[in-house]
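Trainee: Okay, handing you the structure first.
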Amino acid sequence: MHLSRNLPITSLILSLLVLSQPSLADYRNDAPWNREETPSIWNKNKCAGGSSQNFRLGGEINNPNTYNLQKLRTLRDTLKNQNPALVTEVTVSFQTGSGPRTETYLGIPLWELINNPQAAGGLKAGNPGVNSKNSFLRQSVLVDATDCYGAVVTIGEIHPNFEAKTVLVAFEKKGSDGTVIPLIDEGFARLVVPGDKAGGRYVSNVRNIIVFSAPPSPIKVRDF
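Under mature numbering (1 follows the signal peptide of the UniProt record, and there is no 0), the residues of the sequence shown are numbered -25 to -1, 1 to 199, in order.
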């Protein structure tokens, strides 16, 4: 009697084990040569790195464009003719992984690159959020490099009515003897952020400069 009671349970366990075993067809379908490879989005958009020869200026601006060294030099000269007092040269000191560094860079102020009619022609309205007052203060500028390294500068940092910081898109610097030389070892252009103690936002090998707005806050408004 004891043996006969255990037979149904034993049969059930054996049935489950048989059903759970993959068939020969399953093994064939799962073979490495039969698997469909789906490329990761990260591999698809992988950054090769290397020296930049131009960058794209786009996003929430009126005149998207692509700039190389010659176009930047021509634009700098045009802006200087418009306004001889325009600051196009800054001397900065910042900390790097190999120690402190002091350089004199020459280029175009990021604000002028975005706002001047001869360049990007000003900001387009972005995402105003719930309250549209001063919506440009929700906008930022993403500068990224050929190796996908990137940093953000807010419009409030460079707007003349707010912090008015002279953030520069530099394409030249002064050598040790005072002569002006191109940024051969840093790509043709790099971001320069005076006042930053560390050089983390001094993005070199610039490939994109994109203006974008912060999204609406994900936090729901509540009465406390």
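The C-beta atom is built at its ideal place from N, Cα and C for all residues, glycine as well.
1) Is it right to say Asp119 is buried, meaning 16 or more other beta carbons lie within 10 angstroms of its own, or is it exposed?
2) Using a Cβ-Cβ cutoff of less than 6 Å, which residues in the same chain neighbour Thr53 once the five nearest sequence positions on both sides are dropped?
3) Restricting to runs no shorter than 4 residues, where is the alpha helix (DSSP H) found entirely within the region 49 to 82?
4) Over the uninterrupted alpha helix (DSSP H) stretch that includes Leu98, give me the two end residues.
5) Enumerate in chain order the residues of its own chain whose CB-to-CB distance from Thr71 is below 6 Å, with the five nearest sequence positions on each side excluded.
6) With DSSP as the reference, please indicate the residues paired to Gln114 in a beta bridge.
7) Do you know whose CA, among Lys21, Ala23, Phe30, Cys22, lies nearest Phe146's CA?
8) Give me the Cα-Cα distance between Gln28 and Lys195, rounded to the nearest whole angstrom.
9) Below 8 Å, can you find three or more Cβ-Cβ pairs linking the region 175 to 192 to the region 150 to 163?
10) On a Cα-Cα basis, can you pick out the residue from Ala60, Phe187, Pro191, Gly170 that is closest to Ser68?
11) Per DSSP, Ile89 is paired with what?
12) Look up Glu147 in the DSSP assignment and give the residues it is bridged to.
13) Around the Cβ of Ser115, are there at least 16 other Cβ atoms within 10 angstroms (buried) or fewer (exposed)?
14) With DSSP run on the structure shown, which of helix, strand or coil describes Trp8?
15) Keeping to the same chain, check which residues put their C-beta closer than 7 Å to that of Val186; ignore five residues upstream and five downstream.
Mentor: Checking against the coordinates, here is how it stands:
1) buried
2) Gln93
3) none
4) First-last for Leu98: undefined, no H or E at that position.
5) Gly174
6) Ser188
7) Phe30
8) 45 Å
9) yes
10) Gly170
11) The partner list for Ile89 (beta bridge, DSSP) is empty, contrary to what the question assumes.
12) Looking at the DSSP output, Glu147 shares a beta bridge with Leu81, Pro157.
13) Burial call: buried.
14) Annotation note: pLDDT 42 at Trp8 (below 50); position unreliable, no value reported.
15) Within the same chain, Val186 has close Cβ partners Gly34, Glu35, Ile36, Ile89, Leu98, Gln114, Val116.
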